[in-house]
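Novice: Let me give you the structure first, and then I'll get to my questions.
Protein chains: 2
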Amino acid sequence: MSQPTNDPVPDPGSGTRRQRVKLSDVARAAGVDLSTASRLIRNQSANYRPETVERVNRVAKELGYRTNQQARALRLGRQQAIAMLVPDLDNFGFTRVLRGAQEVCEERGFTLLISEIDPSSSNQNSRLASLEGRVDGILVAYGSASDTGITGGLDQLGLPTVLVQRGAPDATASVLFDEEANAAAMVDYLVGLGHRSVAHVSGALSTDTGIRRERGFNAALIRHGLEIPADWRADGAWTIDGGRAATFAIMNSASGHPTALSVDSLVEGIGALSALRELNVAVPGEVSVIAIDEHLVAAHTSPPLTTVRLDQRALGRRAAEMLFDRLDGAAGQRVIIDSAAEIVPRESTAPPRT
Amino acid sequence: MSQPTNDPVPDPGSGTRRQRVKLSDVARAAGVDLSTASRLIRNQSANYRPETVERVNRVAKELGYRTNQQARALRLGRQQAIAMLVPDLDNFGFTRVLRGAQEVCEERGFTLLISEIDPSSSNQNSRLASLEGRVDGILVAYGSASDTGITGGLDQLGLPTVLVQRGAPDATASVLFDEEANAAAMVDYLVGLGHRSVAHVSGALSTDTGIRRERGFNAALIRHGLEIPADWRADGAWTIDGGRAATFAIMNSASGHPTALSVDSLVEGIGALSALRELNVAVPGEVSVIAIDEHLVAAHTSPPLTTVRLDQRALGRRAAEMLFDRLDGAAGQRVIIDSAAEIVPRESTAPPRT
DNA sequence: TTCTACCGTACAATCGATTGTATCGAGTAC
DNA sequence: GTACTCGATACAATCGATTGTACGGTAGAA
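Protein sequences appear in the order of chains Z and G. Residues in the first sequence are numbered consecutively from 1, following our numbering. Residues in the second sequence are numbered consecutively from 355, following our numbering.
This is the structure we're talking about:
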């Protein structure tokens with residue numbers, strides 16, 4: 001190893017890498033001690049002479065000093081960064097959660113790093129491990145897939161974690177929507193239009209969110225005094241193809257077909273529209289369709305899809321805040337926040353044909 | 355500050371944070387020097403006794419030792435991580451590029467961190483700066499928006515950068531598709547179906563990619579001996595709404611309307627279908643539509659959209675590889691790779707009505 | 001005039017790991 | 001028997017920043 005210990009002359013050969021200015025350079029140039037420079041750079045100027053403060057800061061600027069985050073992180077024992085894990089960036093649900101979390105991070109001077117980790121892939125644990133030492137905590141946005149493996153890996157990491165829009169039996173720290181209410185909102189809307197025959201394309205019933213929406217759907221039916229055949233409920237697995245398959249199953253069921261479809265996610269809703277088109281079923285003429293998750297594409301499907309907008313930004317914000325609390329030593333809780341569910345009416349819903 | 359310097363007893367009060375095992379703990383427990391432990395943990399066992407090697411590794415495992423990445427990064431001066439900047443995770447184009455880069459990172463033992471930075475937002479520079487010291491290099495996937503600000507901030511960072519599917523006049527390091535060929539592929543396909551009146555919904559003409567696709571479109575027309583009116587070209591700005599507006603403009607143009615639309619991106623294609631539906635124009639009966647960017651949603655629009663699939667995974671891979679080369683000191687280059695453009699025929703295209 | 005405060009700044013330990021070089025001891029050759 | 005070699009491991013500097021405490025000097029009080 002070449003070690004020109006006291007030769008600060010930048011190597012002229014490697015044009016790319018300019019010598020990095022460090023704190024000791026600033027201190028020397030300003031004629032003060034390293035510790036003085038350190039404090040003044042960080043505005044801990046309480047006891048210092050204004051003159052010194054000014055000089056140090058000026059020199060730092062002139063030299064283009066920027067603190068080395070690795071060194072800082074090592075000394076402080078923290079990274080000032082958190083990670084958000086998502087299973088699938090192709091799913092429409094995550095971006096607004098991400099942005100909410102991003103906002104909070106920015107307010108706190110933290111960096112948000114995103115990592116896509118497919119929970120079904122084999123190397124997820126190594127990817128998780130690679131996050132170690134880079135972040136102080138983890139937000140897990142896994143609403144849409146089975147994820148038993150992930151939680152195991154997370155435990156090993158020993159980092160504070162908050163689950164977002166997804167519960168787990170053993171997880172204390174999680175931020176959830178009132179999914180029962182969200183599902184019920186769709187039924188209420190359809191019933192309000194006059195529908196009495198409402199089928200349900202659910203999210204994956206292996207997931208917490210799927211189960212709770214199913215429960216909300218059922219509760220709403222009972223509240224409205226409705227009963228539907230068992231084969232009007234189908235698991236759409238949180239995917240386009242799953243939604244398609246579920247819709248085919250419902251429409252071809254022995255019980256005849258419903259006048260409306262309550263769908264647990266936008267991607268499944270797109271699948272449902274696709275199936276109905278293939279079956280030559282008019283939407284909303286013969287069957288109305290409504291789905292959870294608002295996104296710009298919903299305005300441009302055929303027909304434009306009526307959706308339920310959830311306040312996912314707020315979800316992301318709240319989750320990030322809880323994570324920061326945990327970093328400060330607070331215990332994790334299971335919090336259910338108001339999703340501020342709002343129907344965005346478009347052309348896929350209408351009163352049933354009489 | 356509480357400094358129980360030589361009191362390694364973990365505080366029983368803070369149940370959350372278990373005392374972290376460090377290398378010196380392992381060394382002590384194994385009865386060897388820190389340096390020995392360091393080397394053996396990293397399999398630099400060249401000169402060591404097999405017995406010692408075994409003992410150190412066993413102790414490390416027993417104690418659950420995991421190397422502190424911050425300390426390692428500080429010592430080594432590198433992070434073993436790179437970042438990928440995307441402007442908008444809602445755009446369908448990025449996920450496969452991301453995954454390609456992810457693959458290469460994994461092969462090299464690097465971590466890929468994703469960061470969404472809206473190039474039009476005001477705080478982009480602070481977000482960029484927050485990446486400093488966390489990553490060794492940056493992949494910039496900005497194909498779809500103006501980004502003059504970003505490049506400025508990147509320069510200041512002084513990190514090796516590679517631009518992905520996006521050129522810049524002054525950028526040496528970039529990996530690009532042959533966009534002229536991609537655009538031409540759409541025209542060829544439409545002409546092959548018998549169309550002679552082909553309009554163009556282009557990507558934002560303020561972007562490099564937009565300009566090059568426009569050029570390819572024009573070249574293809576000439577090659578086929580076709581000429582079209584000026585108002586059959588409209589800028590769709592890489593967005594759904596832009597694509598809609600551009601389609602309205604073309605369809606309402608004084609020159610009458612074309613029999614086919616060649617659209618530069620899937621999102622704009624969705625906008626185009628939306629506009630055509632609103633205009634009661636039959637697709638593909640009156641107007642065929644084809645767009646660049648394959649994605650599952652294209653199979654489920656109405657009608658399903660014929661698309662051009664580009665090998666974005668390869669793009670991501672190549673870009674990551676170039677970035678690693680740059681980290682090793684290689685100069686950046688401007689590389690154009692084969693996009694392996696492939697038409698995915700669906701129901702939005704058909705021969706023109708005679 | 002001498003002692004006490006206090007102000008402004010410097011000293012030095014520390015975070016956890018990496019790595020060039022020194023050292024110790026045993027075996028071998030003469 | 002002495003010197004030399006080499007194998008196995010220890011020593012110590014270092015990466016760049018943070019922070020508790022010590023220290024020197026000046027001013028006000030006695």
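Cβ atoms here follow ideal geometry from the backbone N, Cα and C, with glycine treated the same way.
Give the residues of chain Z in contact with ARG631 of chain G, contact being defined as C-beta atoms less than 8 Å apart.
Specialist: One-based indexing of the second sequence puts residue 631 of chain G at position 277. By Cβ distance, chain Z contributes SER302.
Novice: Going by other Cβ atoms of all chains shown within 10 Å of its Cβ, with 16 needed for buried, is PRO358 of chain G buried or exposed?
Specialist: Taking the first residue of the second sequence as 1, we reach residue 358 of chain G at position 4. Confidence at PRO358 of chain G is low in this model, with a pLDDT of 34, below 50, so the placement of that residue should be treated as unreliable; the coordinate-derived value is given next. PRO358 of chain G should be labelled exposed.
Novice: Three-state secondary structure (DSSP) at ALA384 of chain G?
Specialist: As a first step, residue 384 of chain G is located in the second sequence; it is residue number 30 there, counting from the start. Of the three classes helix, strand and coil, the one that applies to ALA384 of chain G here is helix, per DSSP.
Novice: Check whether the Cβ of GLU132 of chain Z lies closer than 8 Å to any Cβ atom in chain G.
Specialist: The residue labelled residue 132 of chain Z in the question sits at position 132 within the first sequence. Judged by the 8 Å Cβ criterion, GLU132 of chain Z is in contact with chain G.
Novice: Just to check my reading of the structure: ASP595 of chain G and GLY548 of chain G have Cβ atoms closer than 8 Å, yes? What is that Cβ distance to the nearest angstrom?
Specialist: Within the second sequence, numbered from 1, the residue matching residue 595 of chain G stands at position 241. Within the second sequence, numbered from 1, the residue matching residue 548 of chain G stands at position 194. The pair is not a contact, with the Cβ atoms about 31 Å apart (cut-off 8 Å).
Novice: Please classify GLU696 of chain G as buried or exposed, where buried requires at least 16 other C-beta atoms within 10 Å of its C-beta.
Specialist: Residue numbering aside, residue 696 of chain G sits at position 342 when the second sequence is read from its first letter. The residue is exposed, with fewer than 16 neighbouring Cβ atoms inside 10 Å.
Novice: Quick one: which chain Z residues come within Cβ less than 9 Å of ASP379 of chain G?
Specialist: Position 25 of the second sequence holds residue 379 of chain G. None at all; the shortest Cβ gap to chain Z is about 16 Å.
Novice: Can you tell me whether GLN687 of chain G is buried or exposed? The criterion is at least 16 other CB atoms within 10 Å of its CB, across all chains shown.
Specialist: As a first step, residue 687 of chain G must be located in the second sequence, where it is residue number 333. Exposed.
Novice: Let me check understanding here. Comparing Cα to Cα, which of Z:GLY93, Z:ARG277, Z:SER339, Z:LEU221 lies closest to ASP293 of chain Z?
Specialist: Stepping through the first sequence from its first residue, residue 293 of chain Z is reached at position 293. Residue Z:GLY93 is the option with its Cα nearest to ASP293 of chain Z.
Novice: By the DSSP assignment, the alpha helix (DSSP H) with VAL59 of chain Z in it spans what residues?
Specialist: To locate residue 59 of chain Z, count along the first sequence from 1; it is residue 59. Counting along the chain, the alpha helix (DSSP H) containing VAL59 of chain Z begins and ends at 50-63.
Novice: For the beta strand (DSSP E) holding GLY137 of chain Z, just list the boundary residues, first then last.
Specialist: Residue 137 of chain Z sits at position 137 when you count from the first residue of the first sequence. Here the beta strand (DSSP E) through GLY137 of chain Z covers 137-140.
Novice: Specify the secondary structure class of GLU429 of chain Z as computed by DSSP and reduced to three states.
Specialist: This structure leaves residue 429 of chain Z out entirely; chain Z is present only between 1 and 354.
Novice: If we ignore side chains and look at the alpha-carbon of each, how far apart do ARG426 of chain G and GLY491 of chain G end up?
Specialist: Sequence index remark: in the second sequence, residue 426 of chain G carries index 72 (1-based). Sequence index remark: in the second sequence, residue 491 of chain G carries index 137 (1-based). ARG426 of chain G and GLY491 of chain G: Cα-Cα distance of roughly 17 Å.
Novice: Any beta carbon from chain Z within less than 8 Å of ALA427 of chain G's own beta carbon?
Specialist: Indexing the second sequence from 1 puts residue 427 of chain G at position 73. Yes - at least one Cβ of chain Z is within 8 Å of the one on ALA427 of chain G.
Novice: Classify PRO699 of chain G as buried or exposed, calling it buried when 16 or more other Cβ atoms lie within 10 Å of its own Cβ.
Specialist: Counting from 1 along the second sequence, the entry for residue 699 of chain G is found at position 345. By the neighbour-count rule (16 or more Cβ atoms within 10 Å), PRO699 of chain G is not buried but exposed.
Novice: What number of angstroms, rounded off, separates the C-alpha of THR67 of chain Z from the C-alpha of ALA30 of chain Z?
Specialist: As a working note, residue 67 of chain Z is residue 67 in the first sequence. As a working note, residue 30 of chain Z is residue 30 in the first sequence. Distance between the alpha carbons of THR67 of chain Z and ALA30 of chain Z is about 16 Å.
Novice: In whole angstroms, give me the CA-to-CA distance for PRO119 of chain Z and HIS649 of chain G.
Specialist: By 1-based counting over the first sequence, the position of residue 119 of chain Z is 119. By 1-based counting over the second sequence, the position of residue 649 of chain G is 295. Each residue's alpha carbon lies about 21 Å from the other.
Novice: Among the candidates Z:ARG233, Z:ARG326, Z:VAL297, whose CA atom is the shortest distance from the CA of GLY256 of chain Z?
Specialist: Translated into the one-based positions of the first sequence, residue 256 of chain Z becomes position 256. Here the closest residue by C-alpha is Z:ARG233.
Novice: What is the rounded straight-line gap between the Cα of ARG99 of chain Z and the Cα of ALA181 of chain Z?
Specialist: Taking the first residue of the first sequence as position 1, residue 99 of chain Z is located at position 99. Taking the first residue of the first sequence as position 1, residue 181 of chain Z is located at position 181. About 24 Å.
Novice: Pairs of beta-carbons, one from the region 458-466 of chain G and one from the region 404-420 of chain G, closer than 8 Å: are there three or more?
Specialist: These segments do not touch.
Novice: List the DSSP bridge partners of ASP589 of chain G.
Specialist: Position 235 of the second sequence, counted from the first residue, corresponds to residue 589 of chain G. DSSP lists G:SER556 as partners of ASP589 of chain G.
Novice: Given SER38 of chain Z, which residues of its chain have a CB within under 7 Å of its CB, disregarding the five upstream and five downstream residues?
Specialist: Within the first sequence, numbered from 1, the residue matching residue 38 of chain Z stands at position 38. Once the five neighbours on either side are set aside, the close Cβ partners of SER38 of chain Z are LEU23.
Novice: Using the three-state DSSP reduction, which class does THR703 of chain G fall into: helix, strand or coil?
Specialist: As a working mapping, residue 703 of chain G is identified with position 349 in the second sequence. Three-state result, THR703 of chain G: coil.
Novice: Can you say whether GLY463 of chain G is buried or exposed, counting buried as having 16 or more other CB atoms within 10 angstroms of its CB?
Specialist: Counting from one through the second sequence, the residue named residue 463 of chain G turns up at place 109. Its Cβ having fewer than 16 others within 10 Å, GLY463 of chain G is exposed.
Novice: Using beta carbons (cut-off 8 Å, strictly below), is ASN115 of chain Z in contact with chain G?
Specialist: Counting from 1 along the first sequence, the entry for residue 115 of chain Z is found at position 115. Note that residue 115 of chain Z is Ser in the sequence shown here, rather than Asn. Chain G contact via Cβ: present.
Novice: What residues in its chain sit with their C-beta under 8 Å from that of SER14 of chain Z, if we drop five residues either side in the sequence?
Specialist: Start at 1 with the first residue of the first sequence, and residue 14 of chain Z comes out as number 14. Bear in mind that the predicted position of SER14 of chain Z carries a pLDDT of just 31, short of 50, making it too unreliable to give a figure here.
Novice: Compare the Cα-Cα distances from LEU176 of chain Z to each of Z:VAL162, Z:VAL187, Z:ASP188 and report the closest residue.
Specialist: Sequence index remark: in the first sequence, residue 176 of chain Z carries index 176 (1-based). When only C-alpha atoms are compared, the closest one is Z:VAL162.
Novice: Cα-Cα, which of Z:LEU266, Z:LEU159, Z:LEU89 is closest to THR307 of chain Z?
Specialist: The count along the first sequence starts at 1 and reaches residue 307 of chain Z at position 307. The shortest C-alpha separation from THR307 of chain Z is found at Z:LEU266.
Novice: If we count the other Cβ atoms within 10 Å of its Cβ and call it buried at 16 or more, is THR561 of chain G buried or exposed?
Specialist: Taking the first residue of the second sequence as position 1, residue 561 of chain G is located at position 207. The residue is buried, with at least 16 neighbouring Cβ atoms inside 10 Å.
Novice: So, is the C-beta of VAL651 of chain G closer than 8 Å to a C-beta in chain Z?
Specialist: Taking the first residue of the second sequence as position 1, residue 651 of chain G is located at position 297. Cβ-Cβ to chain Z under 8 Å: yes for VAL651 of chain G.
Novice: Is the CB of GLY625 of chain G under 8 Å away from at least one CB in chain Z?
Specialist: Your numbering for residue 625 of chain G matches position 271 in the second sequence. By this cut-off, GLY625 of chain G is an interface position.
Novice: For ASN123 of chain Z, go through chain G and note every residue whose CB falls closer than 9 Å to its CB, in chain order.
Specialist: Taking the first residue of the first sequence as position 1, residue 123 of chain Z is located at position 123. GLU460, listed in chain order.
Novice: At the level of alpha carbons, what is the spacing between LEU226 of chain Z and LEU627 of chain G?
Specialist: Looking up residue 226 of chain Z in the first sequence gives position 226. Looking up residue 627 of chain G in the second sequence gives position 273. When rounded, the distance between both Cα atoms is 38 Å.
Novice: Determine the closest residue to ALA350 of chain Z out of Z:THR172, Z:LEU279, Z:TYR189, with distance taken between C-alpha atoms.
Specialist: The count along the first sequence starts at 1 and reaches residue 350 of chain Z at position 350. Closest by alpha carbon: Z:TYR189.
Novice: Given this structure, state the Cα-to-Cα distance separating LEU428 of chain G from SER528 of chain G, to the nearest angstrom.
Specialist: In the second sequence, the residue the question calls residue 428 of chain G occupies position 74. In the second sequence, the residue the question calls residue 528 of chain G occupies position 174. When rounded, the distance between both Cα atoms is 29 Å.
Novice: In whole angstroms, what separates the C-alpha of VAL97 of chain Z from that of LEU34 of chain Z?
Specialist: On the first sequence, position 97 is the one that residue 97 of chain Z refers to. On the first sequence, position 34 is the one that residue 34 of chain Z refers to. Distance between the alpha carbons of VAL97 of chain Z and LEU34 of chain Z: 42 Å.
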